[in-house]
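**Student:**
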Amino acid sequence: MRLSHSGTTDVGRKRTHNEDAYLLLPEEALFCVADGMGGHASGEVAARIAVEEMAEFFRTTGRDDDATWPFKEDPARGYDENRLLTGVKLANLRIFERAASDQRLRGMGTTIVALSFPRNGDGALVGHVGDSRAYLLRGGALRQLTEDHSLLNDYKKSRALTPEEIQAFPHKNVIVRALGMRDVVEVDVQRVAVEPGDVLVLCSDGLSGMVPDERIGEIVRGHPKDLRGAAHALVDAANEGGGQDNVTCVLVQVVA
C-alpha cells in the first residue's frame, strides 16, 4: 500500500504557545496528532512525550519482531491492533510517570489520535483517546471515524440537544479521557477498510471546533493532489474562524 502524507501545526490567533504535536513516521506507516493540556507549557511536554513514545515503540518493534513489549497482548486482538494499543498505553504511562516525578508538570495530559497501516495491507487502524479526531474522505463525502471522549459528547448521547444548546454548552472543552491522568488508560481502536483515493484526516479540536465538518471535506476535496496545500488551507480556515486554539492536522492519502 502506497501512501502520501502531510501535516502542519499552528499556534492559532489566541494562544501564546503551541501545545499540539504531530508525528509523520511513514517508514512504520504511523501518523499521530496530540493536543496537550495542563498550563505553564506542560501540555506541550505531554503532547511531545506522546508522539515521541509512539515513534520509539513503533521503530523498536519494526526493527525487532521479538522486542519485549511493556504490556501483555490482548488475545482478542491481532498483532497490529495490539501494537497500536500498546504504543498508546506506553505513551500514557510515560506521561503519568513524568508528571509524578516533576511538580511543575503535575496534572499535565494530552489527547491522541493515531493512524497505522498494517504490513499485510489489511485496511487501516485508528486509535484515540480524547477529542482529537479522525475523518475519512471517500468519494467526496467526509465521515467522522472517532467519537469524542468529551463531556459535551456524553450529554449529546444522553439527551437531544439543539444546535443552539450545543453552541451555548458551558463545558465544551472538558474531556473525560486523556493520556497522563492515570497510570492506565482506555483506548478506542477500530479497523477501517480503505480504498485507493481515500484521504484520512487527523486533527486537534482547534480545527474541528472552528471549522464545520462540511467545510473540512470541501477544503480537502479542493486539493485532490496537494495534501500539503490542503493541510495549510485547513489551518487557515480555523484561524479565519477565530483561531481560538492551536490548530494541527495530518492528512494521509491511500495512493494504491
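Quick note: the sequence shown uses our numbering, first residue 622, plus one each step.
Quick reminder that beta carbons are idealized off the backbone N, C-alpha and C, glycines included.
In the DSSP output, which residue or residues are listed as bridge partners for A762?
**Tutor:** R759
**Student:** Counting beta carbon pairs with one atom in the segment 702-716 and one in the segment 798-809, are three or more of them shorter than 8 Å?
**Tutor:** yes
**Student:** Cβ atoms of L823 and A671: under 8 Å apart, would you say?
**Tutor:** no
**Student:** Counting beta carbon pairs with one atom in the segment 758-773 and one in the segment 682-689, are three or more of them shorter than 8 Å?
**Tutor:** no
**Student:** Please determine, among G728, S627, A676, the residue with the shortest C-alpha to C-alpha distance to E649.
**Tutor:** A676
**Student:** Work out the CA separation of K710 and A667 for me, nearest whole Å.
**Tutor:** 14 Å
**Student:** R812 lies in the beta strand (DSSP E); which residues open and close that run?
**Tutor:** Per DSSP, the continuous beta strand (DSSP E) segment holding R812 begins and ends at 809-813.
**Student:** Below 8 Å on the Cβ atoms is my guess for T732 versus D809; work out the distance and round it to an integer in Å.
**Tutor:** Between D809 and T732 the Cβ distance is about 12 Å, and since that is not below 8 Å, they are no contact.
**Student:** M658 bridges to which residues according to DSSP?
**Tutor:** DSSP lists G730 as the beta-bridge partner residues of M658.
**Student:** What residue range is occupied by the uninterrupted beta strand (DSSP E) comprising G628?
**Tutor:** 624-631
**Student:** From which residue to which residue does the beta strand (DSSP E) around G748 run?
**Tutor:** 745-750
**Student:** How would you label V873, buried or exposed, when you count the other beta carbons within 10 angstroms and need 16 or more for buried?
**Tutor:** buried
**Student:** Where are the alpha helix (DSSP H) runs, 4 residues long or more, that stay fully inside the segment 831-868, in chain order?
**Tutor:** Runs of the alpha helix (DSSP H) inside the segment 831-868: 834-842, 848-861.
**Student:** Provide the residue(s) that pair with S771 in DSSP beta bridges, ordered along the chain.
**Tutor:** DSSP, once it has assigned bridges, lists I796 as partnering S771.
**Student:** Using three-state DSSP, classify A805 as helix, strand or coil.
**Tutor:** The question names Ala, but residue 805 is Val in the sequence shown. Here V805 sits in coil by DSSP.
**Student:** Under a Cβ-count criterion, where at least 16 other Cβ atoms within 10 Å of its own Cβ denotes burial, should R684 be classed as buried or exposed?
**Tutor:** Taking a 10 Å sphere around the C-beta of R684, we find fewer than 16 other C-beta atoms and assign the residue as exposed.
**Student:** Tell me whether R719 sits in a helix, a strand or coil according to DSSP, three-state version.
**Tutor:** In the structure shown, R719 falls within a helical segment according to DSSP collapsed to helix, strand and coil.
**Student:** Around the Cβ of E665, are there at least 16 other Cβ atoms within 10 angstroms (buried) or fewer (exposed)?
**Tutor:** Counting Cβ neighbours within 10 Å, E665 comes out buried, since at least 16 surround it.
**Student:** Thinking C-beta only, is A745 closer than 8 Å to L821?
**Tutor:** Yes, the Cβ-Cβ distance between L821 and A745 is below 8 Å.
**Student:** Starting from V672 and walking both ways along the beta strand (DSSP E), at which residues does that stretch end?
**Tutor:** Element bounds for V672: not the beta strand (DSSP E) but the alpha helix (DSSP H), 663-684.
**Student:** Does the Cβ of E816 have 16 or more other Cβ atoms within 10 Å, making it buried, or fewer, making it exposed?
**Tutor:** exposed
**Student:** Going by beta carbon distance, what residues of the same chain come within less than 7 Å of V632, once the five residues before and after it are set aside?
**Tutor:** H638, N639, N867
**Student:** Taking the Cβ atom as the reference point for each residue, do V747 and V813 lie within a distance shorter than 8 Å?
**Tutor:** A contact, by the Cβ cut-off of 8 Å.
**Student:** Per the DSSP calculation, D701 is bridged to which residue(s)?
**Tutor:** Beta-bridge pairing links D701 to no other residue.
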